[in-house]
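Peer 1: Let me begin by handing over the structure; questions about it come next.
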Amino acid sequence: MAWTRKSLVLIAVAGLAGSMVMPASADPVTEDDIERARANVERTERSLVDVELEVAALSADLNELSNSAAQAQAAALEAQADLAESISAAMDAQDKANEALADLDKARKELGGVSQAMYQNSAGELTQSYYVFGAKSMEDANKRQQAYSAVANQVDSKVKKFRALEEVARVMQTEADDAAAAQAEAAQAVQETADEAQRLADQQAALVTSANEQRASLAAELAAHRGTTAELEQQRLDQLEAERAAKAEEEAARVLAQAEAENQARLAAQAQQAPAPAPAPAPAPAPAPAPAPAPAPAPAPAPAPAPAPAPAPAPAPAPAPAPAPAPAPAPAPAPKPKPRPAPKPAPAPPQGTNGQAVVNFARQFEGSPYVWGGTSPTAGWDCVGFVWYVYRNFGYTTPRRTGQYVNQFWSGYRQVPASQAQPGDVLWWPGHVGLYTGNGMHIAAWNPSWGTQERAVWGNPVYLRVL
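Mapping of the sequence shown onto mature numbering (1 follows the signal peptide of the UniProt record, and there is no 0): residues -26 to -1, 1 to 441, in sequence order.
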């Protein structure tokens, strides 16, 4: 249909009239309307603040957990140092107890069978008639009395000394047992602190993952409120998180550095006592007696029969010196030591069933450094690293952890009573292991101050048969 000029004018007039009438019919704007509009704006702004607060709360939670994890690691380091000290204290206490027992045995021998019998029969309480009976004269009786009194006094003195040493040995062994019990408690503390540190580390990792996911959704909300894009908001949040993580790592490093410094100070104090164990290697000089054969030629030149008129026998001794060239074979043994210093794992396996071979191999590493978690004689090892290294040479793989109870990691080995212990058996304590070398001795990696040494067995270890 065609529109005419007249119809268009009528429509325009009608529209104008409508626009002029509407204001007259609308409700006037009141203060309530203004407040409601302002409230809507404020709600939008608070919603943005809430999102920002949630982001900040995530960062705070991460910081708190990071600090807790660092503190737990520091506590674990301190517990390790406590354990090392407790092991040293237990060994020292047992050494003193062993010395006291040695003194007691010496006193027992000095007391002698006769003295013991006299003491048990109360020789010091004999009556006067005992000395007179059978005596040839009163002088003889007096001499007998004096002799018996002197012996009785000697016996009494020796018995008093014996009893005193017996009490000392008892007290020293009690102290050694107490030190061993303290070591077990220290090992338990190590296990507990390590478990707590691991728990917090796992919790921290889980929270980081969760926080990353939450930040992704929060970035979208922030973009909607600010009129930006989710990508830009995500970049901003990532930058904030990187700054937070850097500060948290710096704080954690500070906490751990402080703990490590304290441990080093404790180790330095322990080092003052380290020289004491040094005498252990003394057995090495034992080969020195070998020169004793040298004096043997001396008796040869002193031929008492030489004065005999028969000069013919004299030449006979001359051949005896001829064997002296035997020293020539001596160089032959010299080459043998060369293969030993170069103990390659290859020759060891054939002797793998011999516990003494394990001990001989282990002893060459006396003096090697102690490094927690290490497994190398040059770079250092801890107690389980040392045992692992030695047995690996013979084709066996032992656990790399000690555990709080023996079956936690060492259940695959047969336990034997101490009376049946053999060289090469593994000695297990809570938090510590070593190798039995025989005669109440064992070799192990102790701590950074002592390194690897052979010492007396202490406490009540579990004996494990590996071979």
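In this text, a Cβ means the ideal position worked out from N, Cα and C, and glycines have one as well.
1) Do you know how far the Cα of D399 is from the Cα of N334?
2) Quick check on Y428: does DSSP put it in helix, strand or coil?
3) For my contact list, W402 and W384 are in at a C-beta cut-off of 8 Å; report their separation, rounded to the angstrom.
4) Which residue comes first and which comes last in the beta strand (DSSP E) that contains Q389?
5) Using the C-alpha atoms, what's the distance from R189 back to V29?
6) Determine the DSSP secondary structure at S350, reduced to helix, strand or coil.
7) Rounded to whole angstroms, what's the CA-CA distance from D56 to A160? Just pull it up for me.
8) Can you name the start and end residues of the beta strand (DSSP E) that A395 belongs to?
9) Excluding the five sequence neighbours on either side, which residues of its own chain have a C-beta within less than 8 Å of the C-beta of H406, listed in chain order?
10) Please state the DSSP three-state secondary structure of V436.
11) Using CA coordinates, which residue listed in R429, A392, L174 and G347 is at the minimum distance from E38?
12) Go ahead and label residue 472 buried or exposed: buried means 16 or more other beta carbons lie within 10 angstroms of its beta carbon, across all protein chains shown.
13) What residue range is occupied by the uninterrupted alpha helix (DSSP H) comprising G329?
14) Who are the near neighbours of Q330 in its chain, counting only those whose CB is closer than 6 Å to its CB and skipping five residues on each side?
15) Per DSSP, what kind of secondary structure is A405 in: helix, strand or coil?
16) Can you tell which of V229, R240 and V25 has its C-alpha closest to the C-alpha of A44?
17) What are the boundary residues of the alpha helix (DSSP H) that V364 is part of?
18) Quick check on T372: does DSSP put it in helix, strand or coil?
19) Pairing CB atoms from the stretch 190 to 201 with CB atoms from the stretch 73 to 83, are three or more of them under 8 Å?
20) Could you have a look at V380 and say whether DSSP puts it in helix, strand or coil?
21) Taking the alpha carbon of L211 as the reference point, which residue from E26, T426, E141 and L438 has its own alpha carbon closest?
22) Hey, out of E217, V164, N72 and K134, whose CA is closest to D151's CA?
23) Check whether the stretch 335 to 342 touches the stretch 355 to 369, counting contact only when three or more Cβ pairs, one atom from each stretch, lie closer than 8 Å.
24) Quick check on DSSP: helix, strand or coil for residue 470?
25) Restricting to Cα atoms, I'd like to know which of Q165, P343, W362 and G348 is closest to L409.
26) A227: which of R429, S42, Q427 and H416 sits nearest, CA to CA?
27) Distance, Cα to Cα, A185 vs L32?
28) For R429, tell me which candidate among E141, E215 and G341 has the shortest Cα-Cα distance.
29) Can you give the Cα-Cα distance for E84 and S393, rounded to whole angstroms?
30) In the DSSP assignment, what are the bridge partners of G412?
31) What does a CB cutoff of less than 7 Å around R314 pick up in its chain, not counting 5 residues either side in sequence?
32) With distances taken from CA atoms, which of Y437, L438, P404 and T411 is nearest A64?
Peer 2: Reading it off the structure:
1) 13 Å
2) Strictly speaking, residue 428 in this sequence is Glu, with Tyr absent from that position. Three-state result, E428: strand.
3) 6 Å
4) R388 to V390
5) 7 Å
6) strand
7) 6 Å
8) Per DSSP, A395 belongs to no beta strand (DSSP E) and is neither H nor E.
9) L57, I61, Q157, A161, C357, T376 and A418
10) strand
11) L174
12) Only positions -26 to 441 of the chain appear in the structure, and residue 472 is not among them; the question remains open.
13) G329 to R337
14) P397
15) Per the sequence shown, residue 405 should be read as Gly rather than Ala. Looking at G405 - three-state DSSP - the assignment turns out to be coil, as it is neither helix nor strand.
16) V229
17) C357 to R366
18) coil
19) no
20) helix
21) E26
22) N72
23) yes
24) Within the shown structure, residues of the chain are numbered from -26 to 441, placing residue 470 beyond reach of any answer.
25) W362
26) S42
27) 6 Å
28) G341
29) 28 Å
30) M415
31) At R314, the pLDDT of 41 sits below 50, so the modelled position is not reliable and the matter cannot be decided from this model.
32) P404
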